[in-house]
Amino acid sequence: AQSVTQLGSHVSVSEGALVLLRCNYSSSVPPYLFWYVQYPNQGLQLLLKYTTGATLVKGINGFEAEFKKSETSFHLTKPSAHMSDAAEYFCAVSDQGTNAGKSTFGDGTTLTVKP
Amino acid sequence: NAGVMQNPRHLVRRRGQEARLRCSPMKGHSHVYWYRQLPEEGLKFMVYLQKENIIDESGMPKERFSAEFPKEGPSILRIQQVVRGDSAAYFCASSTSNLHQETQYFGPGTRLLVL
């Protein structure tokens with residue numbers, strides 16, 4: 002069984018500050034990990050994903066995430082927040098034995114960016 | 130290339146009525162996934178379909194819910210005799226395959242409200 006915990010349902014940062022959204026997962030087999038962003042009244046857009054290889058993954062809009070197996074974490078970061086980053090962010094996990102559609106999602110973190 | 134289309138975007142039904150949600154995948158995509166998102170929660174997998182076949186419906190409620198993806202036309206998620214607990218956002222996603230390397234593209238969702 003897989004699970005995802007996103008620490009902090011709401012995160013607020015100032016424009017230009019570091020963004021850190023936390024995600025911890027559990028999986029009985031090596032995981033595939035994803036971060037998605039959802040803007041109001043829209044669907045999810047893939048920010049980045051980890052499948053195999055390099056543990057530091059770079060995504061769109063300046064975001065990156067690092068897979069840390071020992072900590073079962075896949076935290077999302079961005080060095081400098083922009084107003085347009087305000088959205089809801091979802092971490093998801095699926096294992097290598099199942100198809101990608103059966104990802105398990107966290108409950109989401111709402112990011113607010115203050116001017 | 131148009132993205133994933135879902136209609137209607139908003140649907141209001143009274144208890145006991147039927148709800149039909151439509152999803153047109155991106156051109157060239159033959160894999161469709163349906164998810165449900167309850168308020169303040171992440172997405173929950175419902176069903177995975179390929180053209181004319183249900184591949185995995187492990188996330189679908191056993192009663193009142195059904196899905197299809199005919200050879201021609203959109204994928205349909207059908208909810209019979211809706212109840213208030215069915216109120217949620219329903220998203221579909223499509224991909225060219227079920228491999229983790231393939232990105233899933235999400236539609237904007239259908240927000241169902243059951244009165």
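If you read the protein sequences in the order shown, they are chains A and B. Residue numbers are given in the working numbering: position 68 of the first sequence equals residue 69, and the series is strictly consecutive. Residue numbers are given in the working numbering: position 84 of the second sequence equals residue 213, and the series is strictly consecutive. Virtual Cβ for every residue (Gly too), placed ideally from N, Cα, C. Just so we're clear, the structure is a prediction, and the values are computed from it rather than from any experiment.
Query: Chain B within 9 Å of K50/A, Cβ atoms only; Result: yes
Query: Residue burial classification, G238/B (beta-carbon count within 10 angstroms, cutoff 16); Result: buried
Query: Selection from E192/B, D185/B, E231/B, M175/B that minimises the alpha carbon distance to F106/A; Result: M175/B
Query: Local conformation of S226/B per DSSP, three classes; Result: coil
Query: Interface residues of chain A facing H133/B [CB-CB closer than 8 Å]; Result: Reading off the sequence, residue 133/B comes out as Val, not His. Going along chain A in sequence order, the residues near V133/B (Cβ under 8 Å) are G44.
Query: Closest Cα partner of Y33/A within the set A66/A, S81/A, T78/A, A88/A; Result: A66/A
Query: Among R142/B, K200/B, A222/B, nearest to R165/B - alpha-carbon criterion; Result: A222/B
Query: Contact set between the stretch 206-223 of chain B and chain A, restricted to residues whose Cβ is under 7 Å from the partner; Result: F220
Query: Residue of Q43/A, C92/A, K103/A minimising C-alpha distance to Y51/A; Result: C92/A
Query: G109/A burial status per 10 Å Cβ neighbour count (16 or more: buried); Result: buried
Query: Euclidean distance between Cα positions of S74/A and S195/B; Result: 36 Å
Query: D108/A - DSSP class collapsed to helix/strand/coil; Result: coil
Query: Min CB distance A87/A to chain B below 9 Å; Result: no
Query: When R142/B, G214/B, S187/B, Y162/B are compared against Q135/B, the one with the closest alpha-carbon; Result: Y162/B
Query: Chain-ordered chain B contacts of L47/A [CB-CB under 9 Å]; Result: T232, Q233, Y234, F235
Query: Simplified DSSP state of E169/B, which is helix, strand or coil; Result: coil
Query: F64/A at chain B interface by Cβ criterion, 9 Å; Result: no
Query: Sequence-distant residues of the same chain with beta carbon closer than 8 Å to L140/B, five excluded per side; Result: A148, L150, T239, R240, L241, L242
Query: Simplified DSSP assignment, three categories, for N62/A; Result: helix
Query: Assigned exposure category for V212/B - 16 Cβ within 10 Å defines buried; Result: exposed
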